Structures are given as C-alpha cells and as structure tokens.
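Participant: Numbering (my numbering), first residue to last: 51 to 301. Beta carbons: idealized from backbone N, C-alpha and C, even for Gly. For clarity, every value in this text was computed on a predicted model and none was experimentally measured. Just dropping this structure here.
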Amino acid sequence: MTEVNRIDPVFKNAGDSGVIIEFGSTLDLSINRAVQLFDRKLSTVGISGVIDTVPTLRSVLVRFDPLQISLDELVAELKKLIHQSDWTSTTAENFKRWRIPVCYGGEYGEDLDEIAAWLKLSAEQVIEEHCQFVHTVLTLGFAPGFYYLGLMPDHWNLPRLQKIKPHVPAGSVSVAVCQTVVTSTPIPTGWRTIGRTPFSNFAVVSDPPVSVVSGDEVVFYSINKKEYEALSLAVQNGESIATATAIEPSA
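What follows is the structure, given as structure tokens:
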C-alpha cells in the first residue's frame with residue numbers, strides 16, 4: 051500500500067503501558083477529526099496487545115499490555131497505520147447528526163442575559179445563533195456522558211467564570227472558549243449556563259451507556275418550559291426524544 055505521510059504526530063510515553071499520539075498542538079477541527087477517524091480505524095485493525103484507546107481533543111491515548119507488545123513495536127505499528135492515510139482529509143463514516151431540544155434562559159439558563167450582553171446581542175438572537183450552528187462532538191470526558199462541542203465563531207470566545215459553580219443539574223448546556231458542553235449528571239462547572247436539555251447522554255443500563263459519541267454532530271433546537279417538562283416526563287418513561295441521522299461522507 052502506498053504510504054501517505056501528510057501528518058507527523060508526536061508520540062509521548064504515558065507510564066509503562068500507555069502511549070499518547072498528539073496529532074496537533076492546538077485545538078483545530080481538522081486535527082480533531084483526524085483524532086476521531088484514526089481512533090475508529092485503530093479499533094478495527096486489532097493490533098496485538100492494545101487494551102484500549104481514548105480519543106481526546108487533539109490526541110489519542112493507546113493503552114497496551116507490555117507483556118504482549120513492546121513500546122517500540124507498538125509505535126512502529128501505529129506509525130505504519132498513520133502513514134496509510136491523510137487523516138486530516140479522510141471523509142467521515144458512521145457518524146451521526148443529532149437534533150437535541152434545549153430550553154434556553156430563565157431558571158434553566160441563568161447566564162443567558164450575561165452571555166447576550168457579552169456578545170452584544172439580544173437573548174433571542176443568542177438562542178437563534180446557537181441553534182444555527184452544527185456543533186461537532188470534539189470529545190467525551192470529565193463526567194459520564196459529558197460531551198464537548200465546537201468550534202463556534204471567535205466572538206463566542208467567552209471566558210470561563212472566575213468562581214466555580216458548585217452544582218449545575220444534569221442536562222445543563224453551557225458555553226465558554228468557543229465551545230458548548232452538555233452534562234448528563236450533576237457537576238460543578240466554571241462554564242456559563244445557557245439552557246438545559248431533557249435529553250440524557252448517559253444510561254447505565256444501556257450498552258453502550260452513551261448515545262452521542264466523539265465525531266458526531268449536534269444541532270440544538272429551542273423549546274419552551276412546558277415542552278421541556280413534557281419531554282422530561284417522556285424520558286422518565288423510557289422514550290427517546292433526540293433524533294439522529296447518518297452524516298453523509300463528503301466527496
């Protein structure tokens with residue numbers, strides 16, 4: 051197979067049974083997409099001794115059994131796989147686009163007015179703009195089902211709060227640094243809360259326990275408080291309230 055060497059990741063040791071592959075030094079959608087695609091490819095090739103892989107914003111952690119494969123052998127296999135494709139331009143496959151309801155402002159989005167003042171927009175304009183974006187799921191982490199979305203335009207580069215909120219409820223939708231985050235469990239946060247969704251991305255009884263995964267896309271749509279309460283009840287009754295469609299790979 052002809053090698054394609056258009057990206058030169060940096061390899062870093064992670065203890066005696068892990069290696070980190072950094073695809074870039076800054077957060078960039080093309081770098082993040084390369085991370086997601088390479089991680090999915092790695093999960094299908096079955097390199098002997100690899101125990102687990104964890105994609106992050108700009109890197110992939112590979113955990114391995116040193117009794118089955120040495121670090122040098124593993125790095126050689128990983129480099130061989132990396133050079134088989136241009137991961138920054140490879141088309142996406144098997145990713146989904148989700149439509150997720152959000153009740154913005156009020157008791158569910160206490161920081162909406164402050165966000166609007168920062169953006170020099172009305173609250174309604176902020177909601178409309180946030181719902182127009184196609185958000186890429188950059189990574190999952192911090193808490194079960196918690197997902198990071200981005201990247202929004204530069205004027206959404208809001209700073210994090212100076213003080214941590216000790217508690218925000220499950221479903222809170224918050225923004226900062228050109229990103230949106232959504233939680234499925236109660237957590238502390240330093241992000242500004244814009245709304246809340248009745249959709250949960252974590253169900254311990256499901257296999258897998260999460261629905262929205264790294265590499266997927268999310269489009270939010272606005273609902274009112276009455277609709278939020280009705281959808282919350284539907285979730286309690288085991289109904290699915292978020293829809294997903296396959297993302298067609300680009301030519």
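#1: Nearest CA to the CA of L199: which residue from N82, I165, S256 and E160?
#2: Can you tell me the Cβ-Cβ gap for R108 and L77, rounded? I've got them flagged as a contact below 8 angstroms.
#3: Assign V184 to buried or exposed, taking buried as 16 or more other Cβ atoms, counted over all protein chains shown, within 10 Å of its Cβ.
#4: Taking 8 angstroms as the threshold, find out whether the region 170-186 comes into contact with the region 196-213 through three or more Cβ pairs.
#5: Do V263 and F252 come within 9 angstroms of each other at the CB atom, strictly closer than that value?
#6: Restricting to runs no shorter than 4 residues, where is the alpha helix (DSSP H) found entirely within the region 157-190?
#7: DSSP state of W206, grouped into three classes?
#8: Are the CB atoms of V152 and G245 within a distance shorter than 9 angstroms?
#9: Of the residues G96, S80, L121 and L92, which one's Cα is nearest the Cα of G65?
#10: Between the alpha carbons of V225 and W241, how many angstroms are there, rounded?
#11: State buried or exposed for G96, treating a residue as buried only when at least 16 other CB atoms are found within 10 Å of its CB.
#12: When the Cα atoms are used, what is the spatial distance from G74 to V60?
#13: If we ignore side chains and look at the alpha-carbon of each, how far apart do D102 and A167 end up?
#14: CB-CB under 7 angstroms to V100, same chain, minus the five flanking residues each way: which ones, in chain order?
#15: Looking at F270 and I150, is the spacing between their C-beta atoms short of 9 angstroms?
#16: Just the C-alpha distance for N63 and E72, rounded to the nearest angstrom, thanks.
#17: Do the CB positions of T230 and E160 come within less than 9 angstroms of each other?
#18: Name the residue from S172, S272 and F192 whose alpha carbon lies nearest to the alpha carbon of I237.
#19: Counting along the chain, where does the alpha helix (DSSP H) carrying L302 start and finish?
#20: When you compare only the Cα positions, how much space is there between P258 and E289?
#21: Looking only at C-alpha atoms, which of Q175, E127 and W148 sits nearest to T293?
Facilitator: Walking through what the data contain:
#1: Position 149 of the sequence shown, counted from the start, is the residue given in the question as residue 199. Minimum Cα distance to L199 is reached at N82.
#2: Here residue 108 refers to the residue found at position 58 when the sequence shown is read from its first residue. Here residue 77 refers to the residue found at position 27 when the sequence shown is read from its first residue. Taking the Cβ atoms as the reference, R108 lies roughly 6 angstroms from L77, within the contact range of under 8 angstroms.
#3: If you number the sequence shown from 1, residue 184 lands on position 134. V184 counts as exposed, since fewer than 16 other beta carbons sit within 10 angstroms of its beta carbon.
#4: The region 170-186, when compared against the region 196-213, does touch it at the 8 angstroms Cβ threshold.
#5: Counting from one through the sequence shown, the residue named residue 252 turns up at place 202. Counting from one through the sequence shown, the residue named residue 263 turns up at place 213. Here F252 is not near V263, since their CB atoms are 9 angstroms or more apart.
#6: Here the runs fully enclosed are 162-169 and 173-182.
#7: Working through the sequence shown from its first residue, we reach residue 206 at position 156. The three-state secondary structure of W206, taken from DSSP, is helix.
#8: If you number the sequence shown from 1, residue 245 lands on position 195. If you number the sequence shown from 1, residue 152 lands on position 102. Cβ distance < 9 angstroms, so G245 and V152 count as in contact.
#9: For the purposes of this step, residue 65 is identified with residue 15 of the sequence shown, where counting begins at 1. Cα-wise, what sits closest to G65 is L121.
#10: Here residue 225 refers to the residue found at position 175 when the sequence shown is read from its first residue. Here residue 241 refers to the residue found at position 191 when the sequence shown is read from its first residue. Near 6 angstroms, if we compare the C-alpha coordinates of W241 and V225.
#11: If you number the sequence shown from 1, residue 96 lands on position 46. G96 is exposed by the Cβ-count criterion.
#12: Residue numbering aside, residue 74 sits at position 24 when the sequence shown is read from its first letter. Residue numbering aside, residue 60 sits at position 10 when the sequence shown is read from its first letter. A direct Cα-to-Cα measurement between G74 and V60 gives close to 8 angstroms.
#13: The count along the sequence shown starts at 1 and reaches residue 102 at position 52. The count along the sequence shown starts at 1 and reaches residue 167 at position 117. In this model, D102 and A167 are separated by some 44 angstroms (Cα to Cα).
#14: The residue labelled residue 100 in the question sits at position 50 within the sequence shown. Excluding its 5 nearest sequence neighbours in each direction, V100 has C-beta neighbours in its own chain below 7 angstroms: V112 and F114, listed in chain order.
#15: Mapped onto the sequence shown, residue 150 falls at position 100. Mapped onto the sequence shown, residue 270 falls at position 220. A distance below 9 angstroms separates the beta carbons of I150 and F270.
#16: On the sequence shown, residue 63 is found 13 positions in, with the first residue counted as 1. On the sequence shown, residue 72 is found 22 positions in, with the first residue counted as 1. Take the alpha-carbon of N63 and the one of E72: they are about 11 angstroms apart.
#17: In the sequence shown, residue 230 corresponds to position 180, counting from 1. In the sequence shown, residue 160 corresponds to position 110, counting from 1. Going by beta carbons, T230 and E160 fall outside the 9 angstroms limit.
#18: In the sequence shown, the residue the question calls residue 237 occupies position 187. A check of alpha carbon separations from I237 across S172, S272 and F192 identifies F192 as the nearest.
#19: Any property of residue 302 remains undetermined from this structure, which presents the chain solely from 51 to 301.
#20: Indexing the sequence shown from 1 puts residue 258 at position 208. Indexing the sequence shown from 1 puts residue 289 at position 239. When rounded, the distance between both Cα atoms is 17 angstroms.
#21: Here residue 293 refers to the residue found at position 243 of the sequence shown. With distances taken between CA atoms, T293 lies nearest to W148 out of Q175, E127 and W148.
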